[in-house]
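Residues in the sequence shown are numbered from 137 upward in steps of one, following this note's numbering. The next block holds one structure in the form of structure tokens; read it before the comments.
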Amino acid sequence: MSTFHRYKTAYPNAQLTRTPDGVLEVRFRTAGEKLVFNGHTH
């Protein structure tokens, strides 16, 4: 099983965070802003 530190930066359009009690939060982003759907992100 992969650890969070190994995959948290694996997805360029997803900002992953994990709380101390284990909840994973995923925010979809484009260059740090709201996600822009295009051919690359789709």
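Just so it is clear, CB atoms sit at the ideal spot from N, CA and C, and this is done for glycine as well. Note that the structure is predicted; figures quoted are calculated from it, not measured.
Name the one or two DSSP bridge partners that residue i has.
i	result
residue 165	170
residue 154	160
Determine the direct distance from the alpha carbon of residue j to that of residue i, and round the result to whole angstroms.
i	j	result
residue 152	residue 171	14 Å
residue 147	residue 138	14 Å
residue 174	residue 142	27 Å
residue 177	residue 166	9 Å
residue 144	residue 160	10 Å
Take residue i and list the residues in its own chain whose beta-carbon comes closer than 7 Å to its own, dropping the five residues that flank it on each side.
i	result
residue 162	150, 152
Residue i and residue j look like a contact to me (Cβ under 8 Å); what is the Cβ gap, rounded to whole Å?
i	j	result
residue 154	residue 164	Residue 154 to residue 164, Cβ: 16 Å. No contact.
Among residues of its own chain, excluding the 5 on either side of residue i, which ones have a beta-carbon nearer than 8 Å to its beta-carbon?
i	result
residue 168	none
If I measure Cβ to Cβ from residue i and keep anything under 6 Å in the same chain, skipping five residues before and after, which residues do I get?
i	result
residue 157	none
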